[in-house]
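Heads up, the thing below is written out as structure tokens.
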Amino acid sequence: MTSGKALWNSILSENPRALLFLGLCPAIAVSVRVIDALWMSAGVILVLVLSGLAMALLSGESAGAEAVFAPGGAESATARGSLAAGWMRALLITSFLTASFEAGLLALAPTASAALGIYAPLIAVNCLVRGRGMSGFPHSSPGGSMAAALGRGIGFAGSLVLIALVREALGAGTITLFPVGGFGGTIGIPILVEQPVRALGFAGGGLLCLGYLAGAARLISPHAAASSASGRAAE
Amino acid sequence: MSWVAIILTFALVDNVILSRLLGVDAAACAPGGMRAAAGVGGFIAVLMAVSAVGGWAVDSQVLMPLGFTLLRTPVFVFFVAGLAFALRAICVRFLPSVLQATGVSIPEITVNTAALGLVLITTRGEYTALESLVAGLAAGAGYFFVTAMMMAISERLEVEPVPRALKGFPLQLITAGLIAYAFMAFDRAFLARVLGG
Amino acid sequence: MPDARDRAGRAASSLMPAPHIGVRTSAARMTWLVSLCLLPAAGWGVFLFGTPALIVLAFSIGTAVLAELASTLPFGRFTLRDGSALLTGCIVGLLMPADAPAYVPAAASAFAILVVKQSFGGLGRNWMNPAMGGVVFAFLSWSGPMSQWIAPRGGTVQGAVVPPLEALRAALAAPGARGTTPLAVLSNAGFRFSDLDSRVLGWINSHVLAPLGTALPPGAFDVLVGHVAGGIGTVSAPLLLLGAWFLLSRGIIRWHLPVFYVGTFGLLAAIFGGLGTGQGWLAGGPGFHLLSGSLVLGAFFAAPDPVTSPLTNRGRCMIGIVLGVLTFFLRFFGSLGDGVAASIVLGNCAAPLVDRWTFRRRTGHQEGIA
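Chains as they are written, first to last, in this note's numbering: chain C, 1 to 235; chain W, 1 to 197; chain B, 1 to 370.
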């Protein structure tokens, strides 16, 4: 087994952290402000939960859902056919859900929609979403699936918002939240707002934060380190 | 935008990985070895170029006249996925060495992020067909170049003892972050002066 | 500077070339020697800019040392003896303007040590030059505070204090810039050099050069000697070159990278430098540009760091050319200061690729190695 195959198999084995951090990658672009991270997380949770529900309702007995995501795993034409079918079905669900989220966001919160930009549609192909949406759930019951998906989504949200908090507080000296009543939505942090560490607000800052967060996560629960997404080191 | 501006923007100034943070996962998790990384990078690069043009075609000829712009996401997702599938089939048929070098079939998930992201950028920016193609090629070239850089660096890191917690994926991200900071030297002001001066 | 061959000893040594240079001098001693060679330039900077410069250096070196301690002591290692933390702190401090607020060099040093160096495993394992990475980080974050200059002792204060390079930029950007060389442009734009400069040049021009029919333009002395505003350690090219010459003669750094770097940049600046600003061909003023900004310090002290530069001489020459081209573009067209730190970190990104190109990783077969 080449290292790449081992890597992808480890992801398929539903290692939550691997999926989590892979899924966070496209999202860190919108982690410059806390509020953007919150909206992004909302979208991811929505799509995760509902696609989990849909998969649970639709797949029923189809154990093919588990194998759906083994790249290059199936050799026979029929197996590959059902692989592709399952794959397409999952994509269909996630992409329509994402489109609905986008439409809703555009209608209800156009500034948020503009802030998320091209990264909202990318939820549809987000590793986390697809990994969860497609590999077999231990529970095939809708409730169980939704709960599991919700758990993943909250993990995602927590990480993304944490990164956004660091990046915005240190990188811009503010924390931007939802405007409520008289509160304009932006909290300024006394010293930092004058001379923030602007480099954190740039793309490189996002990558660095995510990298260190991934490292920290490994420190906290090292038992999963062996099978987490560690590239060549996985072999 | 002029051609040079498009090329420089998509390759350097707003590099797909380093500035727009698309396709980071593929670059960071690419299976080991320079040839493998070149394979993955090249595959994604070609995919990006083709998707950009195809995306223009689909968007301008089908979606917009019919007013289905809200359906952009599902349509593009499937379009890019289909293209990836087709490209992979072509590789299997005509360029088996590419797939062999990568050692594993291209991870379809992450492929989609980069190409899909690019399609979204060019369609939202309402680029023309030729502009989309050039943008796609430039973005692909930029992506390939950065992936190669990251792989060369990680090959070097492979033989070094690094902090255990950071080994592998986290360090790839940190590396990417540092490269991203370096590339910030190529910013819009730079572009403007190169073009105008 | 840490020797890259150190890492070979710890890692799969069949992949790396064996140590060849300075067999007598250990890696740590080499690093301390490099710091020593920076001393003249540092002393000059402190002399010119006074206590603020000393404070900046104290913060940059102090933070570097503390960061190194914080990241090694808890793991049972003590690495200060290898001198690399001190060197990183020195270079970071010397690249700072004298009036930078204390947190800027501190943050730059901390970033350099913790992120660029220790995250990758510490000495000899980083792929990006820590000091340069820290400086780039600081410049991206606080470009304003990093442009707070102090007038040199004995220099004239007219309004905002700017180094000649920045003044040249401003002068060229304003309409009505006249002059065929940078110094001429500066004079015509009203930039005033020091009294010492006019006195020395007056003497030289009248007694030495007048019979020969030429004259040095005003400012030549200031710029050459380093009697201008600028980074603490970057203003004095002669003192830096003194240190560099010592390092070269001892074999601690190799000449390939610096020479190709400086040469390429000088050539490009001479031929094309005037184009972007409307002075035409061959009007770039290479002498001025070679002496301005942190080029000399970067080319001789930071870029040739064996840890982050290519392993073969051919590779070093290639990277030197790459750096020259990058610095040319970034200085004449870019917005990140004088382009040197940014070029060096970009060169660090490219060096492993260059290595792949020039260094065959086959056991027993090593071609193109020094």
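Even for Gly, the Cβ is constructed at its ideal location relative to N, Cα and C.
- In chain order, 310, 311, 315 place their CB closer than 7 Å to the CB of residue 355 of chain B, counting only its own chain and leaving out the 5 sequence neighbours on each side.
- Between residue 199 of chain C and chain B, the shortest Cβ-Cβ separation is below 8 Å.
- One alpha carbon belongs to residue 154 of chain B, the other to residue 148 of chain B, and they sit about 18 Å apart.
- A check of alpha carbon separations from residue 183 of chain B across B:323, B:224, B:65, B:60 identifies B:224 as the nearest.
- The criterion of a C-beta distance shorter than 8 Å is not satisfied by residue 165 of chain C and residue 35 of chain C.
- According to DSSP, residue 188 of chain C shares a beta bridge with C:174.
- In the structure shown, residue 231 of chain B adopts extended strand secondary structure according to DSSP, grouped into three states.
- Scanning chain B for C-beta atoms nearer than 9 Å to the C-beta of residue 20 of chain W yields nothing, as the closest lies near 18 Å away.
- Its chain contains 143, 144, 147, 148 as the residues whose beta carbon lies nearer than 7 Å to that of residue 41 of chain W, once the 5 sequence neighbours on both sides are disregarded; these appear in chain order.
- Listed along the chain, the chain W residues whose CB falls inside 9 Å of the CB of residue 159 of chain C amount to none; the nearest CB is some 13 Å away.
- The beta carbon of residue 119 of chain W lies closer than 7 Å to those of 51, 52, 55, 76, 80 in the same chain, with the five residues before and after it left out.
- Bridge pairing for residue 170 of chain W: absent [DSSP].
- Residue state for residue 97 of chain B is assigned as strand, using DSSP reduced to three classes.
- Per DSSP, the continuous alpha helix (DSSP H) segment holding residue 62 of chain B begins and ends at 51 to 72.
- Secondary structure note for residue 352 of chain B: its alpha helix (DSSP H) is the uninterrupted segment 340 to 358.
- Around the beta carbon of residue 113 of chain W, 16 or more other beta carbons sit within 10 angstroms, so the residue counts as buried.
- With a threshold of 16 other beta carbon atoms within 10 Å, residue 344 of chain B meets it and is buried.
- Straight through space, the alpha carbons of residue 108 of chain B and residue 215 of chain B are spaced by roughly 42 Å.
- By the Cβ rule, the segment 292 to 311 of chain B does not count as touching the segment 196 to 204 of chain B, because fewer than three pairs are nearer than 8 Å.
- For residue 77 of chain B, the closest alpha carbon among the candidates B:121, B:36, B:110 is that of B:121.
- Neighbours of residue 333 of chain B in chain W, taken as residues whose beta carbon is under 8 Å from its own, are 190, 193, 194, 197 in chain order.
- Proximity of chain B to residue 208 of chain C at the Cβ level (cut-off 8 Å) is accounted for by 115, in chain order.
- Between residue 22 of chain C and residue 14 of chain W, the gap from beta carbon to beta carbon reaches 8 Å or more.
- Here residue 268 of chain B has 324, 325, 328 as same chain residues with Cβ atoms under 7 Å from its own Cβ, once five neighbours each way along the sequence are excluded.
- In the structure shown, the three-state DSSP call for residue 195 of chain C is coil.
- Residues of the same chain with a CB within less than 8 Å of the CB of residue 95 of chain B, apart from the 5 flanking positions on each side, are 131, 135, 231, 232, 233, 234, 294, 297, 341 in chain order.
- In terms of CA proximity to residue 126 of chain C, W:22 leads the group W:22, W:18, W:16, W:187.
- Taking each of W:72, W:191, W:46 in turn and checking the Cα distance to residue 84 of chain W, the smallest one comes out for W:46.
- Distances from the CA of residue 117 of chain B to each of B:150, B:79, B:145 were compared; the closest alpha carbon is that of B:79.
- According to the DSSP assignment, residue 302 of chain B belongs to no alpha helix (DSSP H), since it is labelled neither H nor E.
- In this structure, DSSP gives residue 125 of chain C a helical state, which the three-state scheme calls helix.
- Listed along chain C, no residue sits closer than 7 Å to residue 149 of chain W by beta-carbon distance, the nearest being about 14 Å off.
- Scanning chain C for C-beta atoms nearer than 9 Å to the C-beta of residue 137 of chain B yields 197, 199, 204, reported in chain order.
- From the listed residues C:30, C:45, C:110, C:20, the smallest Cα separation to residue 150 of chain C is found for C:45.
- Counting only Cβ-Cβ distances below 7 Å, residue 102 of chain C has contacts in chain W at 73, in chain order.
- Taking C-beta atoms under 8 Å as the contact rule, residue 204 of chain C and residue 184 of chain W qualify, at a distance of about 7 Å.
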